[in-house]
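Number of protein chains: 4
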Amino acid sequence: MTGGKAGDERWLGQSIMARRGVAAGRVGRTHALTDDKQGEYHYTVGPYSKPVMEIEPGDRVVVETRDAFDGKIVNESDIPSQVLHVPFLNPQNGPIMVKGAEKGDVLAVYIESMRPRGDDPHGICCLIPEFGGLTGTIYTATLNEPLPEKVRLIRLDDQHVYWSERNVFDYRPHIGTLGVSPEIDSVNSLTPDQHGGNMDLPDMGPGSITYLPVRSPGGRLFIGDAHASQGDGEVCGTAVEHASVTTIRVDLIKRWPIDWPRLENADMIMSIGSARPLEDAARIAYRELIRWMVADYGYDQFDAYMMLSMCGKARLGNFVDPKYTIGAAALKNIIERG
Amino acid sequence: MTGGKAGDERWLGQSIMARRGVAAGRVGRTHALTDDKQGEYHYTVGPYSKPVMEIEPGDRVVVETRDAFDGKIVNESDIPSQVLHVPFLNPQNGPIMVKGAEKGDVLAVYIESMRPRGDDPHGICCLIPEFGGLTGTIYTATLNEPLPEKVRLIRLDDQHVYWSERNVFDYRPHIGTLGVSPEIDSVNSLTPDQHGGNMDLPDMGPGSITYLPVRSPGGRLFIGDAHASQGDGEVCGTAVEHASVTTIRVDLIKRWPIDWPRLENADMIMSIGSARPLEDAARIAYRELIRWMVADYGYDQFDAYMMLSMCGKARLGNFVDPKYTIGAAALKNIIERG
Amino acid sequence: MTGGKAGDERWLGQSIMARRGVAAGRVGRTHALTDDKQGEYHYTVGPYSKPVMEIEPGDRVVVETRDAFDGKIVNESDIPSQVLHVPFLNPQNGPIMVKGAEKGDVLAVYIESMRPRGDDPHGICCLIPEFGGLTGTIYTATLNEPLPEKVRLIRLDDQHVYWSERNVFDYRPHIGTLGVSPEIDSVNSLTPDQHGGNMDLPDMGPGSITYLPVRSPGGRLFIGDAHASQGDGEVCGTAVEHASVTTIRVDLIKRWPIDWPRLENADMIMSIGSARPLEDAARIAYRELIRWMVADYGYDQFDAYMMLSMCGKARLGNFVDPKYTIGAAALKNIIERG
Amino acid sequence: MTGGKAGDERWLGQSIMARRGVAAGRVGRTHALTDDKQGEYHYTVGPYSKPVMEIEPGDRVVVETRDAFDGKIVNESDIPSQVLHVPFLNPQNGPIMVKGAEKGDVLAVYIESMRPRGDDPHGICCLIPEFGGLTGTIYTATLNEPLPEKVRLIRLDDQHVYWSERNVFDYRPHIGTLGVSPEIDSVNSLTPDQHGGNMDLPDMGPGSITYLPVRSPGGRLFIGDAHASQGDGEVCGTAVEHASVTTIRVDLIKRWPIDWPRLENADMIMSIGSARPLEDAARIAYRELIRWMVADYGYDQFDAYMMLSMCGKARLGNFVDPKYTIGAAALKNIIERG
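The following block contains the structure:
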């Protein structure tokens, strides 16, 4: 994958989105969801916010996302606990309404490309008190002193992330938070769950399609939290958080009764579970993958269960959020055989 | 404790509610929150629903609660999975607005009495597929066949719960779900968290005061889910669910910065944590109790930590909901000494 | 309960131990397991250590237990991390061999009395780095600085625990660690599991009978870790640890196929689960209790499940050890009806 | 990697084993640990079993491992619960004593090659009641009916695993269980922990070096549980279990104070944590990796923490055993820079 753009798109024509989507692979109009047009960003994903636009299945949207700190951290001397205020973290663009979407349908979100936004692009990685994988938190409540607050300002462009003099990485972006509205709940944008949300899966970058179960009219798509690079688990609690221009195509699949988000790319299909403890996220992900193999690939339930025990792939999304995320995947060149 | 009514109320005059509340122990007007007045019940606790009434601190409200199944289960032959529809479970009365309540304040909810509602009162206990403590669930996802669905219709009155020919129990009611609105989230009424919600603590009955951290203007109090009797853990997922007439007094404590719900009765103070895994609920509850002992009872943090290791009490609220609840308590006759 | 002695023993004649034990309630010889006779204490519970004595079912043993720190902490200025060395913690008396005990049987251990040992009895409560409920540990691994080390030396006698000028408590002792050998494993004395071990249940004091599933010839009973007082959860990681003289009677129940430890006292029967996360300990405890009610009290499995949801009691043993412990109990006056 | 043999070995000369081992990269004598020589296999890893051989650092051992079922499952019609008897599962070769190994040292185990054993090689994958990731278990205790028992007999050779008519996989073997003795505990061979044991990490195959912290004289190396192929998580509880001929080289690194197992291959270094809940395994693995980067690669603790948040890799070992395993890794071409 070249930095931030999807590579070979030939598989797209054979994707579930293309085969089952209302748009049948056709690309529609392009909409600009600029920072101005967004106006007020959202910190909760639900049915109560005012839609920012309505699109047709197949349409493309060019989204200007803000960084997870809403741009409030600008210097390495900023103190996160002073400039950040829970729950006003991880601003989301949207909700984008998709014409015809109803409960029981699925939104397909293909990420076409991502690039850093602005003239002098940079990312932020920081340590926030009581947040992260290796610290006591508000849930894993301890009496230990919090870790020191740290801010790293990281220069980046659409090819590289200049982490330090010692280490330069490829720009390998993905979207940390992508979701549709629950039916009646409104969930803060830090929490992943059945609706998607803050899953922090490195696989959710350019060249991937995410499938999200619609629970309210129009689907109400929210998107944000671009990462220029992220390790499995996002262990310190933040990745390289940056403002991005992210281009997506959105299609609608009617009547696909899935319970949790799913993902597809050129090589694999993946089910995504979010829960605590972490083993429950793994259980959800693998059970959904088995159900998928049974429904769409002709496997017997227990054959699929046993076969995944010898060839399944698991990705640790994060184990730092209010809920943790694991994706369970099967390679297409395995499950599509026969 | 006589069935469903608070006993000796002399301690009330020395309660935190009386000492720090705006009403200073005075009882105000009595409001009737009948089923009719409630009209539409709520399945999510948040800032987006229309208030059902506004009261003054110190006022009394007589609330007609529905059972957790919204009255949809009426016979033992009813099949829960056919008549119940997630997320439309556990209907809540409210939101009740309390004049003057602002973020940073606390609502104090004293439960004065509870009695079964209706001419022919009864309760329901049932097994719902993939719900409960000893079954695979949507989170602890397994491939096992679900448990059989079962419904028990239980006759009861304000003295007894007639469980079976073999076993008759005292009517020992409590409120399963009590909460205030989060700041921007709206949380389904099955989930407990920092805002309170579905904590299922048997201690939350007549004679108890629950303290809830206000996060939005007016506090927005929600209440429902009366249990005629409940064991620690509510192991099968439901207790003796019944429609009730629950009388509460609500006061307002200004500027009491607490992070999680707290409870007080004649004998003890209790902090309440809700999280998964269950040990995190215990961690939260005990840490908050220590903080309370430091702030209000003059203990050193580590002295409190060590002393609770020899005299703390823990109550298992539930380990069946989307989040689990534990209350950690200290006896007043211990911590108030000295 | 008077300090450290079992009260009314009339129920004993109706206990499971009396009704099903080989000794049928008769008290046999009394053996002295003094510190001298014990010689080498054990830090692991298994089949590989040399028996310290063999007794007949029904015999009484007067055990001189050491404190959990093996007496190495003698002043409040001692630094736990310097004088304690993992895994040489929590010294155990035993193994005591019981004649005729075989895999598939159960040892019944009735605690007749406990009293502090020595002329100038005292207990120790301390904070050990990376150990306890409200701190990062070697498993819940964090980067936070450890908590400060603290030692409290607490004067006590067979009536009281003189915790501080402000707080004096009743002497309410129990045995923290009680177990039989696994079949082939040898488990450090800090870890509870199916064999019993470090369960830290306050109910396991004078007047209680613990039932332990025999897995190796003779049963190989280990005992130690007396607490003068302990709160639910033993939140700081240690209780009031003291050397004791603990008098037990041990009987043998042939062919009682139980998977986890059980406990009985005058008022209740309790099943004990030890696992992580904590909800698994609760699941084990309640499932075993249901199985017990089905096998010995004539309940239908799902009736028992639902009834415990309205009347079950749960005790938090500890949530600080390598595995956590929960006891689930039913009152005798409920389950014995009918 | 060609089927079961390590590929390019040039990196070996620069490995930690070569640079810090007593043998300094020299290969010593070759020992045959045949099934006959092993005689009695072991089901518990500890200090109490009789050594099977003693070797010098640098020596090679050709080990004939049995499959995890000890060869007791031979037909697809065999019923696991009838032929398998806990705790007599997962037989281990060893203990192999390494001359000079003492507490505080590390054994380095390089897997040189693996191949199926026997004339008509095959593997077994099966469903065992109450065992596996998507079923109630003895810990995650439920009342659901167990899953059906299933046995798959899978033909294989040193190139392929003939799973089904539809799916043939590469033979990509690894060792599921590799460990040294704890100091005083003896741990059943199903449980991973600080001593190694049943980690079920697919990375632990030919071309990898595992580093194990010595806790008893001679180290006492145990090895077994060869998998012909395994997916992340080993979701059904068993992989393609097969008898193997596994060739290892063992070296000794003096005075390397590590707390948990570590792994190295051509591309990465990995720390391995085993615990429940699964997030604790992730916490351990990442904390140990940070400590490693600080001690041996010159990173500041918090720099390493933040950098791994953008480039760390996590491998799910298993989430089905009594403890779960996660490996956290950093690529050598990243951390060796600068």
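Chains as they are written, first to last, in the working numbering: chain A, 45 to 382; chain B, 45 to 382; chain C, 45 to 382; chain D, 45 to 382. Heads up, the beta-carbon is just placed ideally off N, CA and C, and yes, glycines get one too.
Query raised in the report: Are the C-beta atoms of Gly90/C and some chain D residue less than 8 Å apart?
Result: Gly90/C counts as touching chain D.
Query - Every unbroken beta strand (DSSP E) inside the stretch 306-361 of chain D [3 residues or more] - result: Listed in chain order, the complete beta strand (DSSP E) runs (minimum 3 residues) inside the stretch 306-361 of chain D are 306-308 and 312-319.
Query raised in the report: Whole alpha helix (DSSP H) runs in the stretch 207-254 of chain C with 4 or more residues, listed along the chain?
Result: Those alpha helix (DSSP H) runs which fall completely within the stretch 207-254 of chain C and span 4+ residues do not exist here.
Report task. Report the residues of the stretch 186-217 of chain B with a CB closer than 8 Å to any CB of chain D, ordered along the chain. Result -> In summary, the residues of the stretch 186-217 of chain B whose CB is separated from some CB of chain D by less than 8 Å are Thr186, Leu187, Asn188, Glu189, Pro190 and Leu191, in the order they occur in the chain.
**Report entry** 7 Å CB neighbourhood of Thr46/D in its chain, flanking five on each side removed
**Finding:** Residue placement at Thr46/D is poorly supported in this model, since its pLDDT is 36, which falls under 50; the coordinates are not used for a value here.
Query - Residue interval of the beta strand (DSSP E) (run including Ile302/C) - result: Ile302/C: not part of any beta strand (DSSP E); DSSP gives it neither H nor E.
Query raised in the report: Cα separation between Leu56/D and Lys143/D?
Result: For the pair Leu56/D and Lys143/D, the Cα-to-Cα distance works out to about 22 Å.
Query raised in the report: Using the C-alpha atoms, what's the distance from Met351/C back to Tyr206/B?
Result: Near 12 Å, if we compare the C-alpha coordinates of Met351/C and Tyr206/B.
**Report entry** Beta-carbon neighbours of Val408/C, restricted to chain B and to distances below 7 Å
**Finding:** The question about residue 408/C has no answer, for chain C in this structure spans 45 to 382.
Report task. Verify the CB distance criterion: does Ile99/C have a CB-CB separation below 8 Å to chain A? Result -> Closer than 8 Å to the CB of Ile99/C there is not a single CB belonging to chain A.
Query raised in the report: Would you call the CB atoms of Asn283/B and Ser353/C closer than 8 Å?
Result: A quick correction: the sequence has Ala, not Asn, at residue 283/B. Judged by beta-carbon spacing, Ser353/C lies within the 8 Å limit of Ala283/B, meaning their Cβ atoms are closer than that value.
Requested in this report: Give a yes or no on whether 8 Å exceeds the smallest Cβ distance from Gly317/C to chain A.
Outcome: Chain A, which has no Cβ nearer than 8 Å to the Cβ of Gly317/C, makes this no.
Query raised in the report: Is the CB of Ile302/A under 8 Å away from at least one CB in chain B?
Result: No, Ile302/A does not count as interfacial toward chain B.
**Report entry** For Ile292/C, the residue or residues it bridges with in DSSP
**Finding:** BP columns for Ile292/C point to Val105/C and Ile155/C.
Query - Paired residues, beta bridge with Val142/C - DSSP - result: Bridge partners of Val142/C according to DSSP: Ile99/C.
**Report entry** Chain-order list of residues whose beta-carbon lies under 6 Å from that of Ile292/D (same chain, five-residue window excluded)
**Finding:** Correct list, in chain order: Val105, Val153 and Ile155.
Query raised in the report: Where does Asn188/D sit, in a helix, a strand or coil, going by DSSP?
Result: Residue state, collapsed to three classes: coil.
Query raised in the report: Assuming Val279/C contacts Tyr215/B under a Cβ cut-off of 8 Å, what Cβ separation, rounded to an integer in Å, is found between them?
Result: 34 Å between Cβ atoms; not a contact.
Report task. Please look up how many angstroms separate the CB atoms of Asn242/C and Asn134/C, rounded, as I've assumed it's under 8 Å. Result -> Cβ atoms of Asn242/C and Asn134/C come within 8 Å of each other, at about 7 Å.
Requested in this report: Indicate the three-state DSSP secondary structure (helix, strand or coil) for Ala112/C in the structure shown.
Outcome: Shown here, Ala112/C sits in coil according to DSSP, grouped into three states, outside any helix or strand.
**Report entry** Asp149/D versus Val258/D - alpha carbon distance
**Finding:** If I take the Cα positions, the gap works out to 5 Å.
Report task. Determine the chain C residues that contact Gly184/A at a beta-carbon separation under 9 Å, and present them in chain order. Result -> Here the sequence assigns Thr to residue 184/A, which means Gly is not the residue at that position. In chain order: Gly180, Thr184 and Thr186.
Query raised in the report: Mind checking Asn377/C: buried by the 16 CB within 10 Å criterion, or exposed?
Result: Counting Cβ neighbours within 10 Å, Asn377/C comes out exposed, since fewer than 16 surround it.
**Report entry** Bridge partner(s) assigned by DSSP for Leu171/A
**Finding:** Answer is Lys194/A.
Query raised in the report: Can you name the residues of chain D whose CB is closer than 8 Å to the CB of Leu360/A?
Result: Going along chain D in sequence order, the residues near Leu360/A (Cβ under 8 Å) are Ala326, Ala358, Leu360 and Ile370.
Query raised in the report: Per DSSP, Leu128/A is paired with what?
Result: In the DSSP output, where bridge partners are listed per residue, Leu128/A has none listed.
Query raised in the report: How would you label Arg306/A, buried or exposed, when you count the other beta carbons within 10 angstroms and need 16 or more for buried?
Result: So Arg306/A ends up on the buried side.
Report task. For Thr74/B, write down the residues that DSSP places opposite it in a beta bridge. Result -> DSSP output for Thr74/B lists Arg104/B as bridge partner(s).
Query raised in the report: Within 8 Å (strictly less), CB to CB, does Tyr87/B reach chain A?
Result: Against chain A, the CB of Tyr87/B has a partner CB under 8 Å away; the residue lies at that interface.
**Report entry** Element boundaries [beta strand (DSSP E), containing Asp269/D]
**Finding:** Start and end: Leu265 to His271.
**Report entry** Under 8 Å between C-beta atoms of Ser318/B and Gly90/A
**Finding:** With contacts defined as CB atoms closer than 8 Å, Ser318/B and Gly90/A fail to qualify as a contacting pair.
Query raised in the report: What residues in the stretch 51-74 of chain B have a beta carbon less than 7 Å from any beta carbon of chain A?
Result: Those residues of the stretch 51-74 of chain B that come within reach of chain A (Cβ to Cβ, closer than 7 Å) do not exist; the list is empty.
Query raised in the report: Comparing alpha-carbon positions, which option in Tyr255/C, Pro321/C, Asp365/C and Gly262/C lies nearest Ala62/C?
Result: Checked all of Tyr255/C, Pro321/C, Asp365/C and Gly262/C; the closest Cα to Ala62/C is Tyr255/C.
Query - chain B contact residues for Pro321/D, given Cβ-Cβ distances below 7 Å - result: By Cβ distance, chain B contributes Pro321.
Report task. Determine which residues share a DSSP beta bridge with Asn137/C and list them. Result -> According to DSSP, Asn137/C bridges with Ile267/C.
**Report entry** Other residues of its chain near Arg196/A: CB distance less than 6 Å, five sequence neighbours each side excluded
**Finding:** Within the same chain, Cys169 come within 6 Å of Arg196/A by CB-CB distance, once the 5 residues on both sides are set aside.
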